[in-house]
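Student:
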Amino acid sequence: MDPTIFGFLLSDGLISGALYALVALSLVLVFAVTRVILIPMGEWVMYAPLTQAGFLEGRLPATVGLSALLLLVWAVLDRRRGRAPWLLAGWAVGVGLLGLAGVRWPSLAGPIAFLVVLPLGPASFRLFFEPLPQGSVLLYLILAVGLHFVYKGLGLAFFGPDQFRLPALWPGELGVLGLPVPGQGVLLVAAALLAMAGLFLFFTTLYGKALRAAAVNRLGARISGISVREAGRVAFLLATAVGAAAGLLAAPLTNASYDMGFLLGLKGFVAAILGGLVSYPLAVVGGGLVGLLEAFSSFYASAYKEAIVFTLLLPILAWRSLSALTLEEEE
Amino acid sequence: MSRAGLLGLVLLAALPWLVPPFYQTLLVFTAIAALVAAGLYLLTGLAGLTSFGQAAFMGVAGYTSALLAVRYGVDPWLGLLAGLAVTGLFALVLGLLTVRLKGHYLPLATIAWQVALFIVMGSWVGLTGGRTGLADLPPVRVLERALTDPRSYFYLAWGLALLYAGLLHRLVHSRHGRMIRALRGDAVAAASFGARPPDLKLWTFVLAALGAGAAGWLYVHFIRFVNPSPFSLEASIFYLIMAVVGGVQSLPGVFLGAALLTGLEQWLKDLLPLVFGKTGNYEIIAYGLILVGILLLAPKGLWPWIEARLPRARPPRPEGPGLSPRAASLADPLLEVRGLTKSFGGLLAVNRLSFEVRRGEILGLIGPNGAGKSTTFNLLAGVLRPDAGSVRFAGREIAGRYPFETVRLGLVRTFQHPHLFPEMTVLENAMLGTFPRTRAPLLASLFWLDRAEERRAAAEAYRALEAVGLAELAFEKAGRLALGQQRQLELARALAADPLLLLLDEPAAGLRAGEKRALAELIQGLRERGITVLLVDHDMELVMHLVDRVVVMHYGEKLAEGSPAEVQRNPAVVEAYLGGVA
Chain A
1 MDPTIFGFLL SDGLISGALY ALVALSLVLV FAVTRVILIP MGEWVMYAPL
51 TQAGFLEGRL PATVGLSALL LLVWAVLDRR RGRAPWLLAG WAVGVGLLGL
101 AGVRWPSLAG PIAFLVVLPL GPASFRLFFE PLPQGSVLLY LILAVGLHFV
151 YKGLGLAFFG PDQFRLPALW PGELGVLGLP VPGQGVLLVA AALLAMAGLF
201 LFFTTLYGKA LRAAAVNRLG ARISGISVRE AGRVAFLLAT AVGAAAGLLA
251 APLTNASYDM GFLLGLKGFV AAILGGLVSY PLAVVGGGLV GLLEAFSSFY
301 ASAYKEAIVF TLLLPILAWR SLSALTLEEE E
Chain B
1001 MSRAGLLGLV LLAALPWLVP PFYQTLLVFT AIAALVAAGL YLLTGLAGLT
1051 SFGQAAFMGV AGYTSALLAV RYGVDPWLGL LAGLAVTGLF ALVLGLLTVR
1101 LKGHYLPLAT IAWQVALFIV MGSWVGLTGG RTGLADLPPV RVLERALTDP
1151 RSYFYLAWGL ALLYAGLLHR LVHSRHGRMI RALRGDAVAA ASFGARPPDL
1201 KLWTFVLAAL GAGAAGWLYV HFIRFVNPSP FSLEASIFYL IMAVVGGVQS
1251 LPGVFLGAAL LTGLEQWLKD LLPLVFGKTG NYEIIAYGLI LVGILLLAPK
1301 GLWPWIEARL PRARPPRPEG PGLSPRAASL ADPLLEVRGL TKSFGGLLAV
1351 NRLSFEVRRG EILGLIGPNG AGKSTTFNLL AGVLRPDAGS VRFAGREIAG
1401 RYPFETVRLG LVRTFQHPHL FPEMTVLENA MLGTFPRTRA PLLASLFWLD
1451 RAEERRAAAE AYRALEAVGL AELAFEKAGR LALGQQRQLE LARALAADPL
1501 LLLLDEPAAG LRAGEKRALA ELIQGLRERG ITVLLVDHDM ELVMHLVDRV
1551 VVMHYGEKLA EGSPAEVQRN PAVVEAYLGG VA
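As given, the protein sequences belong to chains A and B, one line each in that order. When we follow this note's numbering, the leftmost residue of the first sequence carries the number 1, and every step to the right adds one. When we follow this note's numbering, the leftmost residue of the second sequence carries the number 1001, and every step to the right adds one.
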């Protein structure tokens, strides 16, 4: 392998690694607070650029209606909670107006798509996970798989089976050591590092610690005045924000279609597990590792690239498991 | 077999003659799915291990048989044996790599090999024919008759599924099965009664994979064509969903889930295009919503919800001879502790502690909070390993040995916070104690060769329950017991292990006065049965009235030793308990 190809594979691996890292960060965030392994995150990551593509084609994407609908259901569920239902209804109307604005001003399609997809996370938590506060990890996992089916099916119904190509935010290329690196890739890597640092710092604040406490000991957290429900909603909101941003930044490089989410989520999950599902910096390292493994194995044995990625995982897992300090149990 | 069970079997056998061929096919697929889901009942429902890789095992067996048949003309029945052998080997290797993984690493590892094997099936065109697969597989023949129609295949598929379910049922109600169920809740307690957790996990893993392997073989010889698509990660998830929706913790539950979702999938595929007027992947939405809805309404699955509404028969009371008693040890002192030392980081929790427990006595180990009693207890019980010192039990050195080794020698413990298994009956909990005294290997219990020993173990456990006064509740779930009764059950379980030396960890903690008196009487009774007791407790009143001798610990060292009266007069002990009051 000559140095040029090596360089290409390296930059390619790091860029896709940044995408996996962002998905991994959102999964770690959700798991650390709620014990949910959020399989449908991959779908939401895809929804953001697909919604953007809808705006760019001058039509109102159905995700606007979905977001508003889920918020309205949430408002109905919380109807006895003071001002909450009105705020939620207002949020739903806001999403609708944003949708109209997106059609009117396509240059703002990206940020508006982000805001449209954002409520899906917290609303899904409220509708599907909050009613089962004592669920086991397995129960939540199966619920998440059910939601993955629903959102994947909706994705097909909303956007069709086509792949969409989206315009880059930074269309140019950057020369790094004589190699052309796409500017969009630089943005993606920067976003991953930024999100990692942000989440890491967030969980050192008192509020962040309270969120973590809600996951470790629900009863203890409640006694200390921490709302487990609120913690879950905030975690889902932040995670959806990270995921949607990742989707919008990556789509110009990778394209977007309704069925890409699952494998993306899976690789993000692999990356997250490498960090033990608790560490943000390690999740980013894991993302980079998965990206690099994939890039280099696609060079040597393209048909088996995913097989190689997932097989090499086994020894790494065995090592991680042996070096894991805590004796944690499934249930 | 019960009358209802027999009736159900007759109805099932008549079913293919009552429904059109389309439904016969559906019933065959139900049996295939039920085989995989039944494996998950063992693996996930009982042992608590989640697998996303069962479809890959189906593929391994299916491809093995298909390749042998197409390339070498091997009969499918030999193909089944070969397929199961290869699947078992795969499961053994993957299991050795992965069952020791903690927490969420195991499900991920299963995803990893599932994805990897799926890609190999699709990409190794030279071997597997790639995505186009292998066609024209031979049919399965029984007595020269080729099973090519769904009606005759129905009997093959259901025969295998029910056979497998029967084997699992036997296993679950055997000594190993009880331990597998115990492992899920509490590996320390399981190990304290002689189980080796990693071995049991490996066995459940291989058995579950064999069920999936048989399902894969049935599948490929039914449609007589093999390609990778039925062995994908999505398929694996689908089987897990079936099991969880039906109720992964019972066999009827996983069969119900298999039938329901196999039917549901077909039905939605037919119905939804009529509703929406066009074809598409819309069933997946409804399917996901139904799944989520069922879980929101019945988080443990449908079967427990149904079962709670069915009448329940009370099993007969176990009778007959118990297990043969352990040979008494003549060693005296029975337990000798010399120079026992353990530190945690910089904290010296136990420092050069020496004492002995004489045969037939009740020895109390007491001390103020933080004196090192619990650490000492855990060192003796094998949960912690000492930094230095020796522990001789019945003439043998046991320092640093695992609990599943020492329990076989007759060193049995109870737990301060009762480590019982709420989903198991009181009798089953007590029977866990007989594990180290029984020997039937796992395979023997699959084929019902352990019945005589099982009857004796049940009788033995029942007698232990009588001894502590819980026999009336033998067939209740242990989860219903009050704290005092839980302690009694802990004692019964320990008695069922026929202890030479019983280690009691704060048995009176949290009990009311009446319960404490009953407990004291029970412990007195133990001495009369010739059991030596080491009692660790805070409760001075209980200890002082009950024990023959006391060892007092303070700051990890032995402060005093002697009869209760001597110790109570010892100024150093008074000082330690009352602080610097004087």
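Note that beta-carbon positions come from the ideal geometry of N, C-alpha and C, so glycine has one too. Computed from a predicted structure; not experimentally measured.
Got a sec? Which residues, its chain only, sit under 8 Å from residue 1038(B) by beta carbon, not counting five neighbours each side?
Tutor: For residue 1038(B), where only same-chain residues beyond five positions count, the Cβ hits under 8 Å are 1161, 1164, 1165, 1168, 1211, 1251, 1254, 1255.
Student: Using Cβ-Cβ distances below 8 Å, what residues of the segment 249-276 of chain A are close to chain B?
Tutor: Within the segment 249-276 of chain A, the qualifying residues are 266, 269, 270, 273.
Student: Does residue 143(A) get closer than 9 Å to chain B when you measure Cβ to Cβ?
Tutor: True, the Cβ-Cβ gap to chain B drops below 9 Å.
Student: Span of the beta strand (DSSP E) holding residue 1553(B)?
Tutor: Where residue 1553(B) is concerned, the enclosing beta strand (DSSP E) stretches over 1549-1554.
Student: Is it buried or exposed, residue 242(A), if we count other Cβ atoms within 10 angstroms and call 16 or more buried?
Tutor: Classification of residue 242(A): buried, given that the 10 Å Cβ count is 16 or more.
Student: How many angstroms separate the CA atom of residue 1459(B) from the CA atom of residue 1314(B)?
Tutor: Between residue 1459(B) and residue 1314(B), the C-alpha separation is close to 16 Å.
Student: Is there a Cβ from chain B that is less than 9 Å from the Cβ of residue 331(A)?
Tutor: Confidence at residue 331(A) is low in this model, with a pLDDT of 31, below 50, so the placement of that residue is unreliable and no value is reported for it.
Student: Quick one: residues in its chain with C-beta nearer than 6 Å to the C-beta of residue 16(A), no 5 flanking neighbours on either side, listed in chain order?
Tutor: Within the same chain, residue 16(A) has close Cβ partners 291.
Student: Would you list the one or two residues that DSSP bridges to residue 1360(B)?
Tutor: Paired residue(s): none; residue 1360(B) is not in a bridge.
Student: Any beta-carbon of chain A closer than 9 Å to the one on residue 1196(B)?
Tutor: Cβ-Cβ to chain A under 9 Å: no for residue 1196(B).
Student: With a threshold of 6 Å on Cβ separation, who are the neighbours of residue 1453(B) within its own chain once the five nearest residues in sequence on each side are excluded?
Tutor: Counting only Cβ-Cβ distances below 6 Å, and skipping sequence neighbours, we find 1438, 1440.
Student: Output needed for residue 1398(B): all residues of its chain with C-beta closer than 6 Å, excluding positions within five of it in sequence on either side, in chain order.
Tutor: Hits under 6 Å: 1391, 1406.
Student: Given that residue 1113(B) touches chain A, what residues does it touch there, using C-beta distances under 8 Å?
Tutor: Result: 310, 311, 314.
Student: If we define contact as Cβ-Cβ less than 9 Å, is residue 156(A) a contact residue for chain B?
Tutor: Yes - at least one Cβ of chain B is within 9 Å of the one on residue 156(A).
Student: Which stretch, first to last residue, makes up the alpha helix (DSSP H) that contains residue 294(A)?
Tutor: From DSSP, the alpha helix (DSSP H) with residue 294(A) extends over 280-300.
Student: List the residues of chain A that residue 1287(B) touches, going by C-beta distances under 7 Å, in chain order.
Tutor: Correct list: 149.
Student: Would you call residue 1429(B) buried or exposed, if buried means 16 or more other Cβ atoms sit within 10 Å of its Cβ?
Tutor: Classification of residue 1429(B): buried, given that the 10 Å Cβ count is 16 or more.
Student: Using the C-alpha atoms, what's the distance from residue 129(A) back to residue 207(A)?
Tutor: So the two alpha carbons sit approximately 22 Å from each other.
Student: I'd like to know whether the C-beta atoms of residue 1257(B) and residue 1303(B) end up nearer to each other than 9 Å.
Tutor: Yes, the Cβ-Cβ distance between residue 1257(B) and residue 1303(B) is below 9 Å.
Student: Looking at residue 117(A) and residue 102(A), is the spacing between their C-beta atoms short of 9 Å?
Tutor: Not in contact: residue 102(A) and residue 117(A) (Cβ atoms no closer than 9 Å).
Student: Taking 9 Å as the threshold (beta carbon to beta carbon), is residue 47(A) in contact with chain B?
Tutor: With 9 Å as the cut-off, residue 47(A) does not count as an interface residue toward chain B.
Student: Between the beta-carbon of residue 150(A) and the beta-carbon of residue 1531(B), is there less than 9 Å?
Tutor: The answer is no: Cβ separation not under 9 Å.
Student: Does the Cβ of residue 199(A) have 16 or more other Cβ atoms within 10 Å, making it buried, or fewer, making it exposed?
Tutor: Label assigned to residue 199(A): buried.
Student: Could you check which residue in 1362(B), 1434(B), 1338(B), 1426(B) has the C-alpha nearest to that of residue 1388(B)?
Tutor: Ranking the options by Cα distance to residue 1388(B), first place goes to 1338(B).
Student: When you compare only the Cα positions, how much space is there between residue 1456(B) and residue 1463(B)?
Tutor: Taking the straight line joining both Cα atoms gives about 10 Å.
Student: Does residue 1454(B) come out as helix, strand or coil in the three-state DSSP assignment?
Tutor: Three-state DSSP puts residue 1454(B) in a helix.
Student: What's the call for residue 1020(B), buried or exposed, on a 16-neighbour Cβ count within 10 Å?
Tutor: It counts as exposed.
Student: Under 8 Å, with one C-beta from each stretch per pair, do the segment 56-63 of chain A and the segment 269-280 of chain A reach the 3-pair mark?
Tutor: Not touching, per the Cβ criterion.
Student: Would you report the Cα separation of residue 1121(B) and residue 1505(B), rounded to the nearest angstrom?
Tutor: The alpha-carbon atoms of residue 1121(B) and residue 1505(B) are separated by roughly 55 Å.
Student: Using 9 Å as the limit for Cβ to Cβ distance, is residue 304(A) near chain B?
Tutor: Yes, its Cβ sits closer than 9 Å to a Cβ of chain B.
Student: Could you work out which residues of chain B lie near residue 131(A), taking near to mean beta carbons separated by less than 7 Å?
Tutor: Chain B residues near residue 131(A): 1296.
Student: For residue 950(B), decide whether its Cβ has a neighbour in chain A, counting only Cβ atoms nearer than 9 Å.
Tutor: Within the shown structure, residues of chain B are numbered from 1001 to 1582, placing residue 950(B) beyond reach of any answer.
Student: With distances taken Cα to Cα, identify the nearest neighbour of residue 46(A) among 13(A), 19(A), 216(A).
Tutor: If we check each option's Cα against that of residue 46(A), 19(A) comes out closest.
Student: Taking only beta-carbon atoms, is residue 1265(B) less than 9 Å away from chain A?
Tutor: No, no contact with chain A.
Student: Take residue 161(A) and list the residues in its own chain whose beta-carbon comes closer than 8 Å to its own, dropping the five residues that flank it on each side.
Tutor: Taken in chain order, the residues that qualify are 257, 258, 259.
Student: Please report the straight-line C-alpha distance between residue 329(A) and residue 1013(B), rounded to a whole angstrom.
Tutor: Since pLDDT at residue 329(A) reaches only 35, below the 50 mark, its modelled position is unreliable, and the value read off the structure follows with that caveat. Those two C-alpha atoms are separated by around 43 Å.
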